[in-house]
Ligand SMILES: [Zn+2]
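In our numbering, the protein residues as written are 532 to 763.
In structure tokens:
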């Protein structure tokens, strides 16, 4: 590590480090993240909002370290939402009052975090894809209904949804290999994605019946010929 890199972290290495896991030296995410209530310094102004907390801080020091730390500090799974009062405020046990820096994990650990984060991000992309197929089928406007049912596109959408759902089931197993990202973060991501997946699944089950109704509602002849397709 070159001198300037060591130096930029030394600037913030006074006071107490945030709690961290061994042997990774990854910071423990703040457990309590909601507003403290009566003692909230923003109580009068009703100005206590969720704020973004960088798990690896001071984050500017991490940015100055370059790859992979610059990526680590900005990773979506390395940023958590926390009430302003608990984050950085005059409240005595606000996180940044208690702790002034985080231990620096080794390069391999930082790289591993980024790889693990990609596993979670890919699952998120799959759910997004699945959701756009399913929601596309349920679009209400006549032009969409014509395309989806008159032209039989719902079958393609359903097929594509199912291929994505299978890929999700396959890839979710990789989550077990996650070792560096704290389990509380992984757990909440997976729970959230699982809720969305279950909702999509139950919507997908309704589609054959829904399609029958929609096909019956289309003007006579349209469904079989798809003749509206060529209209301007
Ligand atoms: Zn508050």
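Even glycine gets a Cβ: it sits at the ideal position worked out from N, Cα and C.
Would you say residue 555 and residue 640 are within 8 Å of each other, going by their C-beta atoms?
Against a cut-off of 8 Å, the Cβ pair of residue 640 and residue 555 comes out as a contact.
Rounded to the nearest angstrom, what separates residue 550 and residue 561 at their Cα positions?
So the two alpha carbons sit approximately 9 Å from each other.
Tell me the DSSP bridge mates of residue 701?
Its beta-bridge partners do not exist; DSSP assigns none.
Is residue 607 helix, strand or coil by DSSP?
Three-state result, residue 607: helix.
Is the beta carbon of residue 567 closer than 8 Å to that of residue 617?
Closer than 8 Å, so yes.
Hey, would you say residue 584 sits closer than 8 Å to residue 557, going by beta carbons?
Not in contact: residue 584 and residue 557 (Cβ atoms no closer than 8 Å).
Apply the 10 Å Cβ neighbour rule to residue 728 and answer buried if 16 or more other Cβ atoms are within range, or exposed otherwise.
That one is buried.
At a threshold of 7 Å, does residue 611 count as lining ligand 1 (C-beta to nearest heavy atom)?
Outside the cutoff, so no.
When the distance is taken between beta carbons, is residue 721 closer than 8 Å to residue 706?
The answer is yes: Cβ separation under 8 Å.
How would you write the range of the alpha helix (DSSP H) that residue 615 sits in, first residue to last?
Residue 615 -> alpha helix (DSSP H) spans 615-618.
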